[in-house]
Amino acid sequence: MNEIICPHCSKAFKVDESGYAEILKQVHDKEFEKQLKDRLDAAWEERNAAVDLAEAKAQAEIQRTAYEKNTEIQNLNFQLEASKLAQTQAVTTALITIEKERDALIAELKAKEMAQTIAVTQAVNDVTKERDDFKNGFKQLELEKQLAESSLRERYEIQIKDRNEEIERLRDMKTRLSTKMLGETLEQHCETEFNLIRATAFPNAYFEKDNDARTGSKGDYIFKQCDLSGLEIVSIMFEMKNEGEETATKKKNEDFLKELDKDRNEKNCEYAVLVSMLEPESELFNTGIIDVSYRYPKMYVIRPQFFIQIITLLRNAALKSMSYKTELALVKAQNLDITEFEDKLEDFKTTFGRNWRLASEGFEEAIKRIDEAIKDLEKTKEALHKSANNLRLANDKAEDLTVKKLTRGNPTMADKFNLIEGNRAEDGK
27 MNEIICPHCS KAFKVDESGY AEILKQVHDK EFEKQLKDRL DAAWEERNAA
77 VDLAEAKAQA EIQRTAYEKN TEIQNLNFQL EASKLAQTQA VTTALITIEK
127 ERDALIAELK AKEMAQTIAV TQAVNDVTKE RDDFKNGFKQ LELEKQLAES
177 SLRERYEIQI KDRNEEIERL RDMKTRLSTK MLGETLEQHC ETEFNLIRAT
227 AFPNAYFEKD NDARTGSKGD YIFKQCDLSG LEIVSIMFEM KNEGEETATK
277 KKNEDFLKEL DKDRNEKNCE YAVLVSMLEP ESELFNTGII DVSYRYPKMY
327 VIRPQFFIQI ITLLRNAALK SMSYKTELAL VKAQNLDITE FEDKLEDFKT
377 TFGRNWRLAS EGFEEAIKRI DEAIKDLEKT KEALHKSANN LRLANDKAED
427 LTVKKLTRGN PTMADKFNLI EGNRAEDGK
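Under this note's numbering, think of the first position of the sequence shown as 27, with each following residue one higher.
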């Protein structure tokens, strides 16, 4: 049995086990319910307080987060504005630098073009001046050549004129002597003619018949003249042939030339002259002194009226050999001058060609350098275009920059911006 004391009357009473268990059960249920109710009430109050506290904390956290977000957004906006301003300044500075470089390159190109133009102009002027100098020198040489040719032409014309006059005079003499020679032999006539002028024209001359037949043949006459020292000036072997002496057959002058040349060589005479009346109708032998040196050296065929003239001409030619030699030297000198003129002309052509080639190479080099400068400027221009294109692309990228692109790939920033946009949406409601 179990004893239980009443809390009100303080009396003790006993109960059995089943009753005691029932009482404990009743007490326990009531106490439990009471405790449970108290605990539930307390828990509910704690819950409400926790909820209020959580709400307060959440509100405070939201306000703090919103403030931080606003601050971060403002900072980002400031950074974006500063970045745009820096990019604008960089683009402006780059453009100014590029424009300065472009202006400097243009000025340098103009200066180079001006210098090249001046150089080309100077080269052209130098070449033109040198060409004019060569032309003037060539004209001067041409004038000197013309003067020399004119002088020679005048001299030879005078000599031809003198010879023509002599021929006319001899022709006249032929007419005058034609009647005188009738009845005289040709040898007597020639000897008489010579003796008439021997004392005055040929005081130191020898003119005798050739009587030396030791070699098997002989000529008719030999003429020799020496100077005061005994030095031989000129020697002539003469052969006289008269038409009257050959009555059987008619012979020609050609028939006696070979024998006359043989006599000249055997008697060591310088010249050979055939004085002939043969072939009286021949226009060739009737014209005057005929030179047959193309057949035999230093041989002439003449009519009797030219006997004294041939002696005079050959003697004077020998006496004036020094003057002829001097004249020959002068002619050679003139020919040498002409040769030197031709050499100078060839040198002029060569020099002019070389200068022209150098000038052409200079022009080609200048043009090549101009082309290279143009290519360099084209490359610079292309580089400037590329720089401007890159700046344009950079400006387009800067203008296309947004907050979303800045936060792309950053979950934390994306969540914060999403939360801010959600708060803005709720505020809008």
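The C-beta atom is built at its ideal place from N, Cα and C for all residues, glycine as well.
Which residues does DSSP pair with Met303 in a beta bridge? Partner(s): none; Met303 has no beta bridge.
Output needed for Asn279: all residues of its chain with C-beta closer than 7 Å, excluding positions within five of it in sequence on either side, in chain order. Result list for Asn279: Leu300, Ser302, Leu304, Glu305, Phe311, Val327, in chain order.
Suppose you measure from the CA of Lys155 to the CA of Asn381; what does that come to, to the nearest Å? Near 12 Å, if we compare the C-alpha coordinates of Asn381 and Lys155.
Beta-carbon within less than 7 Å of Pro437's beta-carbon, same chain only, minus the 5 sequence neighbours each way: which residues are those? There are no such residues.
Through-space distance from Glu372 to Arg202, alpha-carbon basis: With a pLDDT of 48 at Arg202, under the threshold of 50, the modelled position of that residue is not reliable, and the figure given next carries that caveat. Roughly 58 Å separates the two Cα atoms.
Find out if the Cβ-Cβ distance for the pair Tyr247, Asp238 is shorter than 8 Å. Using a Cβ distance threshold of 8 Å, Tyr247 and Asp238 do not count as a contacting pair.
Tell me Lys250's beta-bridge partners as DSSP assigns them. Tyr232, Ser261, per the DSSP bridge assignment.
When you compare each of Gly314, Ala137, Leu169 to Glu191 by their alpha carbons, which one comes out closest? Measuring from the Cα of Glu191, the nearest candidate turns out to be Gly314.
Let me check understanding here. Comparing Cα to Cα, which of Glu194, Leu283, Asp253, Ile259 lies closest to Glu265? Nearest Cα to Glu265 within the set Glu194, Leu283, Asp253, Ile259: Leu283.
Given Gln148, which residues of its chain have a CB within under 7 Å of its CB, disregarding the five upstream and five downstream residues? Within its own chain, no residue has a Cβ closer than 7 Å to the Cβ of Gln148 once the five positions on either side in sequence are excluded.
Since Ile328 is in the beta strand (DSSP E), which residue starts that stretch and which ends it? Its beta strand (DSSP E) spans residues 325 to 328.
For the putative contact between Phe333 and Cys252, defined by C-beta atoms under 8 Å, what is the C-beta separation to the nearest angstrom? Contact doesn't hold; Cβ gap of about 21 Å is too wide.
Three CB pairs or more closer than 8 Å across the stretch 218 to 238 and the stretch 165 to 182: Between the stretch 218 to 238 and the stretch 165 to 182, the count of C-beta pairs closer than 8 Å stays below three; the two stretches do not touch.
Coil, strand or helix - Lys267 by DSSP: In the structure shown, Lys267 sits in a strand (DSSP, three-state: E or B).
Can you tell me whether Tyr2 is helix, strand or coil according to DSSP? This structure cannot speak to residue 2, because the chain is shown only from 27 to 455.
Under a three-way DSSP split, which group does Ala298 fall into? Here Ala298 carries a strand assignment [DSSP, helix/strand/coil].
So for Asp289, helix, strand or coil by DSSP? In the structure shown, Asp289 falls within a helical segment according to DSSP collapsed to helix, strand and coil.
Between Ile446, Asn416, Ile396, which has its C-alpha nearest Glu134's C-alpha? It is Ile396 whose Cα lies nearest to the Cα of Glu134.
Should Ser261 go down as buried or exposed, given a rule of 16 or more other Cβ atoms within 10 Å for buried? So Ser261 counts as buried.
Quick one: grab the DSSP three-state call for Asp317. DSSP places Asp317 in the strand class (E or B) of the three-state scheme.
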